[in-house]
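Asks:
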Amino acid sequence: MKSYDEFNGPVNHFIKNNSTAPIHIKFKHGSYEKVYFVYDTDTTDKLYDSILGTTSNEDLIFEDMKLPRGLTIEEAGFFPGMNYVTVKNINPKFLVEKEFFIKLNFIDTDSIDLKIKEDATVNSICKMYGEKYILIKNGSYLDMSFKIKDVFNCGECVDLVERSLCE
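1 is the number of the first residue of the sequence shown in the UniProt record's numbering; add one for each residue after it.
#1: Here's the rule: buried if 16 or more other CB atoms are within 10 angstroms of the residue's CB, otherwise exposed. What is S50?
#2: Note down the Cα distance separating M82 from P68, rounded to an integer number of angstroms.
#3: Since L104 and V122 are thought to touch, with beta carbons under 8 Å apart, how far apart are those beta carbons, to the nearest angstrom?
#4: Do L114 and I125 come within 8 Å of each other at the CB atom, strictly closer than that value?
#5: Around the C-beta of T109, are 16 or more other C-beta atoms found within 10 angstroms, so that it is buried, or is it exposed?
#6: Measuring CA to CA, which of T55, C166, P22, E162 is closest to K132?
#7: Cα separation between E63 and M144?
#8: Starting from the C-beta of A21, find all residues in its chain whose C-beta is less than 7 Å away, skip the five residues before and the five after it, and write them out in chain order.
#9: Am I right that T41 and L71 are in contact with their C-beta atoms under 8 Å? What's the rounded C-beta distance?
#10: So, helix, strand or coil for S145, using DSSP?
#11: How long is the line joining the alpha carbons of V35 and Y84, rounded to whole angstroms?
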């Protein structure tokens, strides 16, 4: 499966938006939550980069202790199923730039994971592929003015369909 970053083009993300990955890490900070699906060979450095960015010196907290950098997920003590991490910093990267993945299905090809910011609109997704497309979620046409955060949860599937097929 391909991954796509709205702003930087195709990316190869270590964090797969794939519920078949055996280890789930839920990051919680206040009311914000995000689930990462990882494998035991992924590293804590990549988890730090995804949550806090590459320049942060803040620490993630796992089981009431500082999560060490440079270990595999397995070496750090994460187990199959749901694990929880948090951070003490009040302004981590994810609160400044909230972004998440949605699965974008195409009618005549396969699907991609689309990394997009939650303040974007449905129209911004459609514009990436051309004006002739619309988004269909659970059989319903999505209004172009809808904000992503109001319509999607992380990991949800949506169909990108040519407008002419729906007229």
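Here a beta-carbon is modelled for each residue, glycine too, at the ideal position from N, C-alpha and C.
Replies: From the atom records:
#1: By the Cβ neighbour-count rule, S50 is buried, with 16 or more other Cβ atoms within 10 Å of its own.
#2: 19 Å
#3: Rounded, the Cβ-Cβ distance is 12 Å, inconsistent with contact.
#4: Yes, the pair counts as a contact, with Cβ atoms nearer than the cut-off.
#5: It counts as exposed.
#6: Measuring from the Cα of K132, the nearest candidate turns out to be E162.
#7: Across the structure, E63 and M144 are spaced so that their CA atoms are roughly 42 Å apart.
#8: Closer than 7 Å at the Cβ level, and outside the excluded window around A21, lie F37, V38, Y39.
#9: Not really, about 11 Å apart at Cβ, beyond 8 Å.
#10: coil
#11: 9 Å
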